[in-house]
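This report refers to the structure that appears directly beneath it.
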Amino acid sequence: EAKQAYTKGKSTESALHLVVNSIEKSLNIKEYALIAFLDIEGAFNNVLPTAITESLTELGVEPPMVRLIHKLLISRMVTATLGTSTQTRLVNRGTPQGGVLSPLLWNIAVNKLLRILEGGGCKVVAYADDVAIIFNGKYPQTLCDLMTAKLKMLSEWTIANGLGVNPSKTELVLFTNRYKIPQLNPPILNNCNLSFSDHARYLELVLDKRLKWGLNNQERTKKATIALYSCKKAIGLRWGMSPRIVNWIYTAVVQPILLYGVALWWTALHKQCILTPLNKVQRMAALCISGALRTTPNEALNAILNLPSLDLAGMERAKSAAIRLRDTGQWKAQLYGHAKILQHDKSIPKITDLCKSIEYSHTPFEALIPDREEWEQGRPGTTDAICFYTDGSKLKGQVGGGVYSEQLDIRKSFRLPNHCSVFQAEVHAIKEALTCLGNLSLQRGHLNIYSDSQAAIKSIYSTNTNSRTIADCRRSLHEMANQFTISLIWVPGHRDIVGNCIADELARQGTTKPLLPGEESVGMPMATCKLNIKNHFNTLANTHWQNAPQCRISHQTWPVINNKKTSELLKLSRTECGMLIRALTGHWLVGAHAGRLKAPQNDFCRSCRDEEEVETVEHLLCFCPALCRFRLKHLGSPFIDDLTEISEINLKSISAFIKSSGWKTC
Ligand SMILES: [Zn+2]
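Okay, so the sequence shown: first residue is 61 according to my numbering, each after it adds one.
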C-alpha cells in the first residue's frame with residue numbers, strides 16, 4: 061500500500077493523500093507529526109542487481125526467470141563515442157534507462173526497504189525514489205529518537221544495496237499547531253544531526269509545518285506564471301496567438317499547475333490570501349486570451365470567457381479526484397481536514413462504476429464480430445449451442461435490459477438505476493443471461509450470447525478494465541466457462557433478426573419496471589459523475605456572476621454564462637475578440653471611459669455629432685441615428701430597445717456592425 065509510483069492507478073495524489081492525512085490527524089488532536097522526507101540517491105542508476113534478485117526470489121519468482129533478469133542486469137555493454145575516440149564499458153549496476161521493466165524492478169527492490177521500516181508506530185510512503193517516514197505522537201523527543209532508529213535501518217539497507225541517502229538533502233519537519241516547542245535533540249542520519257525545517261517539498265507540493273498552505277500557494281502561482289509566459293512564447297511564434305490557443309494553454313497547462321494536488325489543500329481555498337493570487341494568474345491569462353482592456357472587471361471577464369473563479373474550479377477538481385481515489389480503494393475518509401470533502405454532499409453518488417484497474421491473464425471465452433453479410437447467410441456461432449439474445453435500453457431517462465432464449469423459454473426484463481448508461485445495461489444483460497442459465501443447473505455444452513453492442517463485447521473481451529459492471533460480468537463469464545464453451549457474438553441491430561427484436565422489446569419493458577434491491581448497486585459511470593459535478597459548479601459560477609456587483613453593461617449583454625457562445629467568441633481572431641469584449645463590457649475607449657484611461661476623449665458622439673448625445677456603449681449599439689443603416693443591415697433592425705437585446709444577437713453580426721460603424725479601433 062505504501063508504494064505508489066508506476067503501479068497502475070496509483071498517482072502522486074494517492075501518496076500525498078496518505079502523508080497529508082497523517083499530518084492532519086496529529087494537528088487535529090494537537091499532537092505532533094514528525095516526518096523525514098528523503099531522496100534515495102541514484103536509485104535507478106546504482107541499485108545492486110542482488111537487491112533485485114533477492115527480492116524476486118522472496119516473492120516466489122521462479123529461479124530461471126530470476127537468473128534471466130540477473131543476467132540482463134549485469135551484462136549490458138555501453139559504448140560512447142566522442143570525436144574519434146570510442147569507449148566501451150560493462151554496466152553491472154542499476155536498471156536500464158527507459159526499460160519497460162525498470163520501474164517494476166525498482167519497486168520490487170524498494171518494497172523490501174518498506175517492509176524493513178514499517179511497524180513500531182512508523183508509517184512509510186514511497187513514490188519512486190521519494191520516501192517519507194512518518195511518526196505521530198504526543199512527545200516530540202520520543203518521535204525524534206524513534207526516527208533516529210529507523211534512519212539507521214534505512215541507511216544500512218541503502219549502503220548494502222549500493223545506494224545512499226544524503227543528510228543535507230533530507231528534509232525534516234515537525235508538524236504542529238503549537239507555538240512553544242521544547243528544545244529537542246534532532247534525529248541523526250549517517251552521524252549527522254538533521255535540522256528541523258519549517259516546510260518540505262514532497263512530490264511537488266510544499267507542506268508547511270502548520271499546514272496553512274501559504275508557501276505552496278506561492279510556489280503554484282510562480283510556476284503557473286512561468287508556464288503561461290513560456291508557452292505563449294513557444295507556441296506563439298509558430299501558431300500565432302489566437303484566443304482559442306491561449307485559452308487552451310491556460311486550461312490544459314497553466315490551470316493544472318495552479319491547482320496541482322488541490323484535493324489535499326482545498327480547505328485553504330476560502331482564504332482570500334490563497335485565492336487572490338490564484339485568481340490573479342487566471343486574470344493574466346484572461347487578458348492574454350481576450351485582448352481586453354486592463355480595467356475590465358474580473359467577474360465580467362470570467363463570465364464571458366467561461367473561466368470560473370478558482371475556488372469553484374478548485375473544488376470541482378478536488379471532488380473528482382477524491383471520488384477517483386475513493387472508488388479505486390485508495391481513500392481514507394476523515395471527519396476533518398481535506399479528507400472530509402465527500403461528507404454530507406448529497407450530489408455525490410455513494411459509488412461510481414469506477415473500480416481498481418484489473419488485468420486478466422486469461423480469457424476463457426471468445427468474442428466474434430461477424431459482418432452483416434455473414435448474418436445474411438444464417439446465424440453465426442456453433443449451431444447446437446444454447447442461444448441467448450441480450451439488449452439494453454434507455455427511454456425517457458429510465459434504463460432497463462432484456463434477456464431472451466427461445467430454447468430455454470426465458471424472457472426476462474430488468475431495470476437499472478436512472479444514472480446508468482445504455483452501455484452498462486448491455487453489459488449487465490449479458491451477466492443476467494449467465495445468471496438465468498446458472499439457475500437451471502444444465503449439463504455442459506456450447507453457449508452463444510448475442511448482443512447488438514460491439515462496444516460492450518469489445519470491452520468485456522479486453523484484458524483490462526476499471527469498470528465495476530464489466531468486472532462483474534467477467535466474473536460470471538469465468539465461472540460459467542467451467543461448464544460451457546462461451547461465445548459472445550455481435551448481432552446487427554435493426555435487421556429484423558427475431559431474437560434480437562424480442563430482446564429489444566424486453567429491454568424496453570425493463571425501463572418501466574420497478575428497481576429491485578440488487579440492481580440499485582450498479583454505480584454511476586465516472587464520466588456522468590464528473591459531468592454532474594461540473595454542472596453543479598457551473599450553476600454556482602452563474603449565481604456568482606448574477607450576484608456580482610457592478611458590471612452593469614456586461615450583465616445586460618452577457619446575462620448568463622454560456623459555453624457555446626464562449627467557444628464562438630474564442631474562434632474569432634484576437635483583434636475581433638478584443639473588440640467584442642470591449643464593446644460588450646463597456647470597457648473601451650469611448651466617452652467618459654476613455655477619459656478615465658487618459659485616452660483622447662470625445663464629449664459628444666463622433667458618428668451623429670449631436671452635441672446632446674454622450675458617447676456611450678448604449679448610444680452606439682442601440683440608438684445612434686447615424687448608424688441606423690448598418691444596424692438594419694447587420695443586426696436586423698434600425699434601432700434597438702436596450703442592451704439586453706444585444707445578448708440575443710450572434711457575435712459575428714455584432715462584430716460586423718461595429719466594424720462597419722468605424723468605431724472598431726476604440
Ligand atoms: Zn451618435
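Think of the CB as a built atom: it goes at the ideal place given N, C-alpha and C, for glycine as much as any other residue.
Ligand 1 heavy atoms versus the CB of residue i: any closer than 6 Å?
i	result
residue 264	no
residue 668	yes
residue 673	yes
residue 323	no
residue 287	no
residue 665	yes
residue 686	yes
Exposed or buried, which one is residue i when buried takes at least 16 other CB atoms within 10 Å?
i	result
residue 454	buried
residue 595	exposed
residue 431	exposed
residue 645	buried
residue 495	exposed
residue 210	buried
residue 140	exposed
residue 620	exposed
residue 180	exposed
residue 92	buried
residue 187	buried
residue 233	buried
residue 512	buried
residue 144	exposed
residue 483	buried
residue 88	exposed
residue 61	In this predicted model, residue 61 has a pLDDT of only 42, less than 50, meaning its place in the structure is not dependable enough to derive any value.
residue 582	buried
residue 215	buried
residue 195	buried
residue 390	buried
residue 651	buried
residue 555	exposed
residue 379	buried
residue 699	exposed
So which of the options has the shortest CA-CA distance to residue i?
i	options	result
residue 579	489, 538 and 518	489
residue 548	688, 145 and 424	424
residue 543	512, 504, 530 and 555	504
residue 448	459, 463 and 457	463
residue 237	592, 90, 483 and 630	90
residue 264	108, 71 and 443	71
residue 736	163, 150, 149 and 173	Because residue 736 is not part of the residues shown, which for the chain are 61 to 726, the question remains open.
residue 357	612, 73, 721 and 86	612
residue 306	617, 633 and 153	633
residue 130	110, 120, 147 and 617	110
residue 377	562, 662 and 591	591
residue 416	527, 199 and 364	527
residue 721	382, 116, 683 and 702	683
residue 154	217, 221 and 174	221
residue 304	290, 289 and 350	350
residue 395	710, 84 and 73	84
For ligand 3, I want to know if residue i counts as a neighbour, meaning its beta carbon is within less than 6 Å of at least one of the ligand's heavy atoms.
i	result
residue 361	Questions concerning ligand 3 fall outside what the structure shown contains, since the ligands it does hold are ligand 1.
Open item on the list: Under 8 Å, with one C-beta from each stretch per pair, do the stretch 471-480 and the stretch 571-588 reach the 3-pair mark?
Closed with: yes
- [ ] Could you tell me whether the stretch 430-437 touches the stretch 527-541, where touching means 3 or more Cβ pairs closer than 8 Å?
- [x] no
TODO: Inspect the CB distances between the stretch 491-501 and the stretch 598-618 and report whether three or more fall short of 8 Å.
DONE: no
- [ ] Evaluate the contact criterion for the stretch 276-294 versus the stretch 315-322: three or more CB pairs, one atom per stretch, below 8 Å.
- [x] yes
Task: Contact between the stretch 91-111 and the stretch 221-231 (3+ Cβ pairs under 8 Å) - done: yes
Open item on the list: Any contact between the stretch 330-343 and the stretch 397-414? By contact I mean 3 or more CB pairs, one from each, below 8 Å.
Closed with: no
Open item on the list: For the pair the stretch 126-140 and the stretch 75-86, tell me if three or more CB-CB distances fall below 8 Å.
Closed with: no
TODO: Spell out a yes or no on whether the stretch 651-663 and the stretch 365-384 are touching, meaning 3 or more CB-CB pairs, one atom from each, closer than 8 Å.
DONE: no
Open item on the list: Under 8 Å: do the stretch 325-335 and the stretch 306-314 share three or more Cβ pairs, one atom per stretch?
Closed with: no
Open item on the list: When you compare the stretch 621-633 with the stretch 508-523, are there three or more beta-carbon pairs, one atom per stretch, that lie closer than 8 Å?
Closed with: no
Task: the stretch 115-133 in contact with the stretch 268-275 per 3-pair CB rule at 8 Å - done: no
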